[in-house]
Structures are given as structure tokens and as C-alpha cells.
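**Student:** Protein sequences, first through last, are from chains D and L.
Our numbering runs 1057 ahead of the 1-based position in the first sequence.
Our numbering runs 59 ahead of the 1-based position in the second sequence.
The beta-carbon is built from N, C-alpha and C at its ideal position, and this holds for glycine as well.
Mind having a look at this structure? Questions to follow.
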Amino acid sequence: DVKVTQSSRYLVKRTGEKVFLECVQDMDHENMFWYRQDPGLGLRLIYFSYDVKMKEKGDIPEGYSVSREKKERFSLILESASTNQTSMYLCASSLGGAFTEAFFGQGTRLTVV
Amino acid sequence: SQKIEQNSEALNIQEGKTATLTCNYTNYSPAYLQWYRQDPGRGPVFLLLIRENEKEKRKERLKVTFDTTLKQSLFHITASQPADSATYLCAPPGGYQKVTFGTGTKLQVIP
Chain D
1058 DVKVTQSSRY LVKRTGEKVF LECVQDMDHE NMFWYRQDPG LGLRLIYFSY
1108 DVKMKEKGDI PEGYSVSREK KERFSLILES ASTNQTSMYL CASSLGGAFT
1158 EAFFGQGTRL TVV
Chain L
60 SQKIEQNSEA LNIQEGKTAT LTCNYTNYSP AYLQWYRQDP GRGPVFLLLI
110 RENEKEKRKE RLKVTFDTTL KQSLFHITAS QPADSATYLC APPGGYQKVT
160 FGTGTKLQVI P
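Here it is in C-alpha cells:
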């Protein structure tokens, strides 16, 4: 079975801190994604990576950056955390090409105080 | 801009009945649609994918239809059970290899 693992289930950070959210997948998938999920807004794509060191902005990239130095690992970085970044963050991976399903991690609930 | 609409109100149905969830999309023509299930505090789990040239797809008690004229997909769960209670997400592609999601419909199956 495909496994996507996020480094933390719950995280509390202070405003202004630099925050790293890590995600690892074990199925040699080409694509990896970071979403955030907020009540009433659904899942919104922050960034997408289709290969090592390759990335594309999603719908809401402002305030975030990503890093993919190895195929299995995709990191989301909040350069200076703000309270409006309090959310559930979900990482996903998929095999390259169209018509492929996404496999999700368990999510990280981040609270910025 | 592309828009995905799912009924944001919760759907309550009696155990044993068929649940029907709706996904409408506007301003684009996706080549396929995926449906996911999400339980509270967990990531979504893939259920079914239907392509634009398929009118219907089935998997056990699940059935998905795709009407490209109406720009609508319907998701059915027959003989519903309390364990089917969850949020169901419609997910058309948001560009090549990307997956985008509707806000989901929360289904509650009442025993």
C-alpha cells in the first residue's frame, strides 16, 4: 500500500516563526502536492511538484514556499508564520500522468498563535 | 474561472436507502472526475474515477455518473450504512496532473 507520511499531526507555532512541514511518500510517485483545508473552503492547492527540484504554484501560494530535493520528500515552508495560516495541511502524492488518483497523508493541524 | 459546486448542506438519510450526492462544474470541461471520501481529522481517500467517455462507473455499492452536457456528476451509495457517514469530495483535474476539490458534502446515515 502507498504510504504518505507527514512529520507531525499537531503543531503549535508562534507568529513570525519559520515553519517546516515535511512529507514523505514510499511509492516512487512523480507528483507531490500540498493542500490546506479550511471549513467552508474545502481543500485548496498551495504547491505542486512533478519532479525533483520542480514546482508549480497552486491557487494560494502566497506566504509559502516548497522544497523537493529528493523524489520521496516534499517540504512546505512557512517563511514567517501568521495567524491566518492556522489550518489543516494535507500532503498528497500521485503517479505521473493523467487519470491518476492522489494518496493523502494523515494531515498536520497547525495552529499559529 | 473554473468552479466546482457540491451541496454544502449535510445530507441525512435513513440506513438502507440510496444516498445521491451532486457535483456541478462550470467554465471548463474536465476529461475525468474523481470522488474521494474524507473522515474527520483524516486525509481524503480515493473511491472512483470516471472518464468523460464513460457514462457510469460502479464499485460495490458505489455508482458514479458523468453527464458532460449537464456538467454534472452524481455519486450514489446504495443500501447505505452508518459506516458510510463521511464527507464526500468531488475532484476534477485542475490542470495536467493536478487534482482540485469541491468543498464536499457531509453524509450522515441514520440507523
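1) Using a Cβ cut-off of 7 Å (strictly closer), state whether Q1082(D) contacts chain L.
2) Cα separation between M1084(D) and K1128(D)?
3) Just checking my contact of Q97(L) with I169(L) at CB under 8 Å: how many whole Å lie between their CB atoms?
4) Can you list the residues of chain D that P103(L) reaches, using a CB-CB cut of under 7 Å?
5) Quick check: L1147(D) and G100(L), are their CB atoms within less than 7 Å of each other?
6) Bridge partners for P135(L) per DSSP, in chain order?
7) Assuming D1095(D) is part of the beta strand (DSSP E), what are its boundary residues?
8) Can you list, in chain order, the residues of its chain with a C-beta nearer than 6 Å to that of T85(L)? Leave out the 5 residues immediately preceding and following it.
9) Could you check the C-alpha separation between N71(L) and G1099(D) for me, to the nearest Å?
10) Among E1087(D), G1097(D), R1130(D), which residue has its Cα nearest to the Cα of G1154(D)?
11) Just tell me which of T127(L), S139(L), L133(L), Y87(L) has its CA closest to the CA of G153(L).
12) Bridge partners of Q1142(D), per DSSP?
13) Which residue marks the beginning of the beta strand (DSSP E) containing L108(L), and which one marks its end?
**Tutor:** In short:
1) Closer than 7 Å: no.
2) 10 Å
3) Q97(L) to I169(L), Cβ: 20 Å. No contact.
4) F1161
5) no
6) For the record, residue 135(L) in the displayed sequence is His; it is not Pro. Per DSSP, T79(L), K122(L).
7) 1088-1095
8) K62
9) Rounded to the nearest whole angstrom, the CA to CA distance from N71(L) to G1099(D) is 20 Å.
10) E1087(D)
11) Y87(L)
12) In the DSSP output, where bridge partners are listed per residue, Q1142(D) has none listed.
13) 104-110
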